[in-house]
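Residue numbers (this note's numbering): 721 to 813.
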């Protein structure tokens with residue numbers, strides 16, 4: 721079952737309860753369901769966008785710190801007299 725199917729089912733349950741309680745009209749129920757689904761989809765898209773932006777921001781910070789650590793390790797290796805060598809390339813298969 722897909723997330724959207726679950727959301728559709730949840731929206732239908734909510735609207736059916738509203739109709740049952742007399743807070744919504746049966747003839748408006750399908751439109752109410754679609755509105756709820758659209759709102760849910762929009763909220764999900766906004767949340768995904770926010771999470772992606774935060775992940776990108778954190779990865780940028782991490783990359784910067786990793787570069788700093790790499791520079792520091794190279795500096796320490798030079799002080800210790802250990803030459804830094806590029807990694808060997810794997811032999812072609």
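For each residue, glycine too, the CB sits at the ideal point set by N, CA and C.
Note that the structure is predicted; figures quoted are calculated from it, not measured.
C-alpha gap between residue i and residue j, whole angstroms
i: residue 817; j: residue 787; result: There is simply no residue 817 to check, as the chain begins at 721 and stops at 813 in what is shown.
i: residue 781; j: residue 790; result: 14 angstroms
i: residue 726; j: residue 733; result: 11 angstroms
i: residue 777; j: residue 769; result: 12 angstroms
i: residue 775; j: residue 764; result: 16 angstroms
i: residue 796; j: residue 760; result: 53 angstroms
i: residue 792; j: residue 779; result: 20 angstroms
6 angstroms Cβ shell around residue i - same chain, five flanking residues per side excluded
i: residue 735; result: 749, 752, 753
i: residue 739; result: 746, 749
i: residue 731; result: 753, 756, 757
i: residue 766; result: none
i: residue 741; result: none
Three-state secondary structure assigned by DSSP to residue i
i: residue 777; result: helix
i: residue 745; result: coil
i: residue 734; result: helix
i: residue 801; result: coil
Cβ separation of residue i and residue j, assumed to be a contact under 8 angstroms, to the nearest whole Å
i: residue 737; j: residue 757; result: Their Cβ separation, rounded to whole angstroms, is 16 angstroms, which puts residue 737 and residue 757 out of contact at 8 angstroms.
Beta-carbon proximity list for residue i, same chain, < 7 angstroms, skipping 5 on both sides
i: residue 744; result: 735, 738, 752
i: residue 721; result: With a pLDDT of 46 at residue 721, under the threshold of 50, the modelled position of this residue cannot be trusted; read the value that follows with caution. Cβ neighbours of residue 721 beyond the five flanking positions: none.
i: residue 785; result: none
Close Cβ partners of residue i (< 8 angstroms) along its chain, the five nearest in sequence each way excluded
i: residue 762; result: none
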